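> So that we are looking at the same thing, I have put the structure below in structure tokens.
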Amino acid sequence: MAAKESVDKPDMRKSLPEANTGLVRDMNQMDKEQITPASRSDEKKPISQKTAPWQHISDRKGLIFAIFCGISSCGQFIFVSLAELDDNFTPFQCIFFRNILFLFVMPLVSWERSNTYGPYDAFLCILLGCGSNFAAIFLYTAFLYADIGNVSAVALNTPIPSAILAYLLLREKISVFSSVSFS
């Protein structure tokens, strides 16, 4: 009976070397194949002389975007404080300043390596952009009727409700670092 069971079960020692030789054969075949640098996705394409100055600026775009973001938010609050002094100043002028800074940012984007959106994603991006502009109009209208400190405290606390909702809905863990950075 014991001999019959050993016949029914395959011998693992015989199958392991066969699997290893197949693996070694595949690895040797991969070593023989040459991967050209042009086929790699992380390899940079040669830059024409026309786009070279913009590409040099685009390599440091994170720092430049952070500076523009700081200038934009400071400029918005300066305009809002001017709006409190002048009754002819409207929230639409604040929104205009908020959106005009993108004219300075857009040339820094590397369009040659950018991904394009499909029609559904483009529609969602346009919808979110319009929604954020309408929300900003309501925010700047609130600046006209309340103190600047009260409205900016309400408007600029978006990371806190986002963290609370992420904890409740997505079961994200709140660490000590994130708690300190939110405060």
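In our numbering, the protein residues as written are 13 to 195. Every residue, glycine too, gets a C-beta built ideally from N, C-alpha and C. Keep in mind that this is a model prediction, so the values were computed, not measured.
Does the distance from the CB of V163 to the CB of F155 come in under 7 Å?
Here residue 163 corresponds to residue number 151 of the sequence shown, with the count starting at 1. Here residue 155 corresponds to residue number 143 of the sequence shown, with the count starting at 1. A contact, by the Cβ cut-off of 7 Å.
> Between the C-alpha atoms of V188 and L182, what's the straight-line distance to the nearest angstrom?
Start at 1 with the first residue of the sequence shown, and residue 188 comes out as number 176. Start at 1 with the first residue of the sequence shown, and residue 182 comes out as number 170. Cα to Cα, V188 sits roughly 18 Å from L182.
> Which of the three DSSP states is assigned to T128 in this structure?
Within the sequence shown, the letter at position 116 stands for residue 128. Three-state result, T128: coil.
> Express the C-alpha separation of Y152 and A175 in angstroms, rounding to a whole number.
As a working mapping, residue 175 is identified with position 163 in the sequence shown. As a working mapping, residue 152 is identified with position 140 in the sequence shown. Distance between the alpha carbons of A175 and Y152 is about 25 Å.
> DSSP state of L196, grouped into three classes?
No answer is possible for residue 196: it lies beyond the span of the chain, which begins at 13 and ends at 195.
> Could you tell me the distance, in whole angstroms, from the CA atom of A178 to the CA atom of T128?
Taking the first residue of the sequence shown as position 1, residue 178 is located at position 166. Taking the first residue of the sequence shown as position 1, residue 128 is located at position 116. Straight-line Cα distance between these residues: approximately 29 Å.
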